[in-house]
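Under the numbering used here, the first residue of the sequence shown is numbered 93, with each subsequent residue one higher.
For reference, the structure is listed below as structure tokens.
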Amino acid sequence: MAARRSVAVGRSLSCLVGMDRNISFILSVRNMFIQTQDTPNPNSLKFLPGHVVLESGTMDFPGPRDAYCSPLARQLFRIDGVKSVFFGPDFITITKADGQTEWKVIKPDVFATIMDFFTSGLPVVNEADAPRADTAPSEDDDEVVAMIKELLDTRIRPTVQEDGGDVLYRGFEDGIVKLKLQGSCTSCPSSIITLKSGIQNMLQFYVPEVEGVEQVKEEDVDVEKEVQ
Numbered sequence: 093m094a095a096r097r098s099v100a101v102g103r104s105l106s107c108l109v110g111m112d113r114n115i116s117f118i119l120s121v122r123n124m125f126i127q128t129q130d131t132p133n134p135n136s137l138k139f140l141p142g143h144v145v146l147e148s149g150t151m152d153f154p155g156p157r158d159a160y161c162s163p164l165a166r167q168l169f170r171i172d173g174v175k176s177v178f179f180g181p182d183f184i185t186i187t188k189a190d191g192q193t194e195w196k197v198i199k200p201d202v203f204a205t206i207m208d209f210f211t212s213g214l215p216v217v218n219e220a221d222a223p224r225a226d227t228a229p230s231e232d233d234d235e236v237v238a239m240i241k242e243l244l245d246t247r248i249r250p251t252v253q254e255d256g257g258d259v260l261y262r263g264f265e266d267g268i269v270k271l272k273l274q275g276s277c278t279s280c281p282s283s284i285i286t287l288k289s290g291i292q293n294m295l296q297f298y299v300p301e302v303e304g305v306e307q308v309k310e311e312d313v314d315v316e317k318e319v320q
């Protein structure tokens, strides 16, 4: 019974249930094969360059000032219409500024930027400057928090990342799990469905102490670094 319920809950994690993925392939003159994939958010598009983007984890760049540690993100933000950039292990999610900006205008510049960058040999991220943003359990976590983080890492985040986004743990207080949505999930019209029907149901099923989930919109930043 538990296994069947787990499967049902897991399927509801996708922001858009039953969405048919639209996949296209681009072959450049430099023989670089880039795959693009729709996400549940119509303003976000997932680019798969056929190269490792991050060795592990994900990175979110909500705006140009957040891209100080990534040469690739800085270049992508120079493209008119790009609102935010998100990196996964093997993909890049671009979120455009608004519904009036058409993908057919933005995509050629994104393709060119990605192709030029990966042929340059530059690092995607300067590790020394990169902030730590993961849900890995630590020795300071109690049993409940450790279980919440394990569920996020093993069952929830992989599904959300398939849709070009991510979800990060930001605290547990008075029965409420605080989470931050990233990438395509940030401005997705169905993000509340993702939180309530998917993530909250799964956490409550396995961790009775969880009474609900709450989305954290933005975090306070102590030091702001300008894009070079």
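Even glycine gets a Cβ: it sits at the ideal position worked out from N, Cα and C.
Asked                                                                                                                                     : Found
Cβ shell of residue 198 (< 8 angstroms), same chain only, five flanking positions each side left out                                      : 171, 172, 173, 174, 186 and 188
Secondary structure of residue 309, DSSP reduced to three states                                                                          : coil
Buried versus exposed, by CB contacts within 10 Å (16 or more), residue 211                                                               : exposed
Buried or exposed by the 16-neighbour rule on C-beta atoms within 10 Å, applied to residue 256                                            : buried
Chain-order list of residues whose beta-carbon lies under 8 angstroms from that of residue 191 (same chain, five-residue window excluded) : 134 and 135
Pair within 7 angstroms by beta-carbon distance, residue 269 and residue 305                                                              : yes
Continuous alpha helix (DSSP H) assignments of at least 4 residues falling wholly in the stretch 231-295                                  : 235-243 and 249-254
Residue 243 and residue 259 closer than 7 angstroms at C-beta                                                                             : no
Delimiting residues of the beta strand (DSSP E) encompassing residue 47                                                                   : Residue 47 cannot be examined here, being either before or after the span of the chain that is shown, 93 to 320.
Under the three-state DSSP convention, the category residue 206 falls into                                                                : helix
Sub-7 angstroms separation of residue 327 and residue 262 beta-carbons                                                                    : There is no way to answer for residue 327, as the model of the chain reaches only from 93 to 320.
Three-state secondary structure assigned by DSSP to residue 176                                                                           : strand
Between the CA atoms of residue 300 and residue 140 - distance to the nearest angstrom                                                    : 38 angstroms
Cβ-based neighbour list, residue 151, same chain, cut-off 6 angstroms, excluding 5 preceding and 5 following                              : 179
Residue 304, DSSP secondary structure in three states                                                                                     : strand
7 angstroms Cβ cutoff met for residue 287 and residue 216                                                                                 : no
6 angstroms CB neighbourhood of residue 146 in its chain, flanking five on each side removed                                              : 179 and 181
Inter-residue spacing [alpha-carbon to alpha-carbon] between residue 126 and residue 209                                                  : 13 angstroms
Status (buried if at least 16 other CB within 10 Å, exposed otherwise) for residue 142                                                    : exposed
Identified DSSP bridge partners for residue 153                                                                                           : 177
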